[in-house]
Amino acid sequence: MSPPTDSLVLDIVRTLEKQGVPRDSYQLGREFDPEALARLLETGGDSVEVRLEIRDVSLVVTNLGARVAESGLSSQPECPHCGLPVTAVVQLVPSHHTAYPCGCRVRGDLLE
């Protein structure tokens, strides 16, 4: 992993630990691609915000770091197009939101 990826992973792990999620209860590589997330945040500028849910903890990740979302998710919503559970909505530009992991285009407020 690269230094930005390492820093991002450490920040996410520390944020999860503060919420009582032990390190041995998850594998970040199975939840999302840390290197792809780091590249997205590096190239997206200040407007990119990614929402993740790991072990029932809702996180908001930006190029400034990870934080717990103000309101947790009760359950993972389904993609309105393909029906798969949506764990994150990625916004590259203000008018385009993509569901993760399926890749379908969705509303920006799908996880709110």
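If you use the working numbering, the sequence shown corresponds to residues 1 to 112, in order. Note that the Cβ used here is the ideal one computed from N, Cα and C, for glycine as well. Note that this is a predicted model, so its numbers are computed, not measured.
Using the Cβ count rule (16 or more neighbours within 10 Å means buried), how would you classify residue i?
i	result
Cys79	buried
Gly72	A caution first: Gly72 carries a pLDDT of 47, below 50, which makes its placement in the model unreliable, though a value can still be read off. The residue in question, Gly72, is exposed, as its Cβ has fewer than 16 Cβ neighbours within 10 Å.
Glu53	buried
Leu92	exposed
Arg30	exposed
Tell me which residue opens and which closes the alpha helix (DSSP H) that residue i is part of.
i	result
Gly45	Counting along the chain, Gly45 falls outside any alpha helix (DSSP H), and DSSP gives it neither H nor E.
Leu28	Leu28 to Glu31
Suppose the cutoff is 8 angstroms on Cβ atoms and the five residues either side in sequence are ignored; what does the same chain contact list for residue i look like?
i	result
Arg55	Leu16, Val21, Ser25 and Tyr26
Val106	Cys79, Pro80, His81, Val86, Val89, His97, Thr98 and Ala99
Glu42	Pro4 and Asn63
Tell me which residues share the same chain as residue i and place their Cβ nearer than 6 angstroms to its Cβ, disregarding the 5 neighbours each side in the sequence.
i	result
Pro34	Thr5, Val9 and Leu28
What are the boundary residues of the beta strand (DSSP E) that residue i is part of?
i	result
Leu92	Ala88 to Val93
Ala69	Neither: Ala69 is in no beta strand (DSSP E) and is coded neither H nor E.
Ser58	Val57 to Thr62
His97	His96 to Tyr100
Just to confirm before moving on: does the CB-CB distance between residue i and residue j stay below 8 angstroms?
i	j	result
Arg67	Val60	yes
Ala69	Arg51	yes
Here's a check: name, in chain order, each residue in its chain whose Cβ is nearer than 7 angstroms to the Cβ of residue i, leaving out the five neighbours to either side.
i	result
Val13	Arg23
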